[in-house]
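**Student:** Structure below; questions to follow.
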Amino acid sequence: ALRHNTQRRKKHKNDLPHPNRPGLFDQAPVSNGRQACKKHELYVSFSDLGWKDWVLAPPGYSAYYCDGECDYPLGSCMNATNHALIQLVVHLIKPDEVPKACCAPTKLSPISVLFYDDNNNVILKKHRNMVVKTCGC
Amino acid sequence: CVCGQMEGMVHSSFRRLSGREKKEMQKEILSILGLPGRPRPHPPLRPPSSAPLFMLDLYHAVSAEGDEGPGVGFIPESVSHPALPTLSTHAAPLGTVVSEADTVMSFVNLVEHERDLLQPRPYWKEFRFDLTPLPQGETVTAAEFRIYKTLTMGQRANRTLHISVYEIQREKRYREPELVLLDMQSVPAGQEGWLAFDVTTASNHWLLQPRSNLGIRLYVETEDDRSLSAGWVGLVGRRGPRSKQPFMVTFFRASQAPCRPPR
C-alpha cells in the first residue's frame, strides 16, 4: 500500500530525484512516532512445527527480517531484494508518495533442507539466496 | 540495526497461536521453502537406512560449503572418495555436480529380480526405481546407482571382478531384453565399500518416457569372462542390512531461465 506523506516538500514534476538523494527514512532515528527500521531474528523450529519426523535436517533455521518504516514484507513469492527494487522504482515514479528504499539485504546465505517424500525417497533441496544475513538498515 | 532483539519471541508465540493460524503459518513456511508438506501416508519411525545416511552426509557437505562461501568444492569423504579405489574416477565430476545441484533425490529400490546360482548362466540382478515424483522446472545433471560390496568367504582377494550395469530398454517375451551398457567397473574381490555407477543416460530416458523405465541389470564377471552371482561376490541387495541396501541418487539443477508464476 502506498503511504502518503504530506510533510515532505513538494517537488516540481520534472524534478527527477537523484538516485543518491537521501530517502525519507535515511535519517535515523526516525521521529514523529514512527518506528525506526530494525532487524529482527526469527528462529523457525521444525520440531515446534511438528515436522521432526519428516524433515531430517536441519532442526530449524534463523531468518532475519526488517521491521519499521522501511519494512519489506517477505511473502512466498517475493524476497526482500525484490521489494527493495520495486520500492525504488515506485519511488522514482512517485517520489512524493513513496520513500526511497533505504534498506535491502546486503548478504544472503543459502540453506538446505533434507526431507522425506510420500514414497520414502529422501530429497535434499538447496536454496541459494534464502536467509538474509545482513541488511542495509 | 538492533539485531536479535526479538529472538525467541516469535518462537514462543507460535505456541499461543490458534489452530488455524498455526496451519496458515506452517503453509507459508512450506511455500517459502518449496516443501510439499508432510508425506502421506504418515511415515512411521524409520530405522537408519542407506539412502538417508548418504543424503545426510551430502547435506553436511553442502552446509559446510555454504558456510565457507560459494565456489568451495568441498565434498564429503563418502561421496567423493568412497571406500573402493575404482570409484575415484567419479570424484571430480561428482564434486562439481553436488556443488551445482539445486535438488538431490535418492530413490529406494522397488523391485529386485535375480538369476542366481540355481539357474543357468549368465547370472544377473535387476533393480527398478520410480522416478516420477520429480522437481518441476529442473533438469537431471547426473544420476548414480549405488550398491554396497561386502567381503565374502571363498574368494581370492586379488581376483579382479568386472561389474557392469545395463539399462533394460525393451523386454521381449521368452527372449533376452535389449540392454544398453551404462557403466562398468573393475573391482578387487578382496575390497569392501560402496560402488557407484553412472546411470545418467538411463535416468534421462526414464524422465522423458516414464513407461520406458524397465530398470537396470547388473552383471558380474571374472577376468576370464566367467559369470558370477551378485550375491556370491558380496553385493548387498534388498535382503541385506538396511544401511547397506542399494539405492539411486539423482542430481537436479534448476533451469537457467525459470518460469516465474504470474502475480
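Line by line, the protein sequences give chains A and B. At position 110 of the first sequence the residue is numbered 110 (our numbering), and the sequence of numbers has no breaks. At position 108 of the second sequence the residue is numbered 108 (our numbering), and the sequence of numbers has no breaks. Ideal Cβ positions, reconstructed from N, Cα and C, are used throughout, including at glycine.
#1: Label residue 250/B either buried or exposed according to how many other C-beta atoms from any shown protein chain fall within 10 Å of its C-beta, with 16 as the threshold for buried.
#2: Taking C-beta pairs closer than 9 Å, name the residues in chain A that residue 26/B reaches, listed in chain order.
#3: Is the region 186-193 of chain B close to the region 98-110 of chain B, with three or more CB pairs under 8 Å?
#4: In three-state terms, what does DSSP make of residue 138/B?
#5: At which residues does the alpha helix (DSSP H) containing residue 33/B begin and terminate?
#6: Taking residue 44/A as the query, report the chain B residues whose CB atoms sit under 7 Å from its CB, ordered along the chain.
#7: DSSP three-state label for residue 87/B, please.
#8: Is there at least one Cβ from chain A nearer than 9 Å to residue 140/B's Cβ?
#9: Whole angstroms is fine: what's the gap from residue 183/B's alpha carbon to residue 169/B's?
#10: Do we get a CB-CB distance below 9 Å when we pair residue 128/B with the residues of chain A?
#11: The alpha helix (DSSP H) spanning residue 49/B covers which residue range?
#12: By the 10 Å Cβ neighbour count, where 16 or more other Cβ atoms means buried, how is residue 245/B classified, buried or exposed?
#13: Quick one: grab the DSSP three-state call for residue 245/B.
#14: For residue 223/B, which residues from the same chain have a beta carbon less than 8 Å from its beta carbon, with the 5 sequence-adjacent residues on both sides left out?
#15: Can you find the residues in the same chain that come closer than 8 Å, C-beta to C-beta, to residue 138/B, ignoring five residues on each side of it along the sequence?
#16: If we cut at 9 Å on Cβ distances, does residue 59/B have a partner in chain A?
#17: Using a Cβ-Cβ cut-off of 9 Å, state whether residue 239/B counts as contacting chain A.
#18: Could you give the DSSP three-state label for residue 123/B: helix, strand or coil?
#19: Which chain A residues sit within Cβ distance under 9 Å of residue 40/B?
#20: Cβ of residue 104/B less than 9 Å from any chain A Cβ?
#21: Looking at chain A, is there any beta carbon in it that lies within less than 9 Å of the beta carbon of residue 18/B?
#22: May I ask you to report which of helix, strand or coil DSSP gives residue 51/A?
#23: Strictly below 7 Å CB to CB, what residues from chain A border residue 196/B?
#24: Excluding sequence positions up to five away, which residues of its chain have a Cβ less than 6 Å from the Cβ of residue 114/A?
#25: Between 20/B, 106/B, 108/B and 129/B, which lies nearest to residue 202/B when the distance is taken from Cα to Cα?
**Tutor:** In brief:
#1: Counting Cβ neighbours within 10 Å, residue 250/B comes out buried, since at least 16 surround it.
#2: Near residue 26/B (Cβ distances below 9 Å), the residues of chain A are 49, 50 and 51.
#3: Flag = no, the region 186-193 of chain B and the region 98-110 of chain B do not touch.
#4: Three-state result, residue 138/B: strand.
#5: If you look at residue 33/B, you'll find it in the alpha helix (DSSP H) that goes 19-33.
#6: Residue 44/A reaches chain B at 29, counting residues in chain order whose Cβ is nearer than 7 Å.
#7: Low local confidence applies: a pLDDT of 38 at residue 87/B is under 50, so the model's placement there is unreliable, and no value is given.
#8: So, not an interface residue.
#9: Straight-line Cα distance between these residues: approximately 15 Å.
#10: Taking a beta-carbon distance threshold of 9 Å, residue 128/B does not count as an interface residue toward chain A.
#11: Unbroken run through residue 49/B: none, as it is neither H nor E.
#12: By the Cβ-count criterion, residue 245/B is buried, with 16 or more other Cβ atoms from all chains shown falling within 10 Å of its own Cβ.
#13: Per DSSP, reduced to three states, the secondary structure at residue 245/B is coil, with no helix or strand assignment.
#14: Cβ neighbours of residue 223/B beyond the five flanking positions: 159, 160 and 162.
#15: Counting only Cβ-Cβ distances below 8 Å, and skipping sequence neighbours, we find 102, 103, 252, 253, 254 and 255.
#16: True, the Cβ-Cβ gap to chain A drops below 9 Å.
#17: For residue 239/B, no CB of chain A lies under 9 Å from its own CB, so it is not counted at the interface with that chain.
#18: Looking at residue 123/B - three-state DSSP - the assignment turns out to be coil, as it is neither helix nor strand.
#19: Correct list: 118.
#20: Taking Cβ atoms only, chain A reaches closer than 9 Å to residue 104/B, which makes this a yes.
#21: Residue 18/B does not count as touching chain A.
#22: The three-state secondary structure of residue 51/A, taken from DSSP, is coil.
#23: Under the 7 Å cutoff, chain A gives no residues; its nearest Cβ is about 17 Å from residue 196/B.
#24: If you ignore the 5 residues before and after residue 114/A, its C-beta comes within less than 6 Å of the C-beta of 56, 57 and 124, all in its own chain and listed in chain order.
#25: The shortest C-alpha separation from residue 202/B is found at 129/B.
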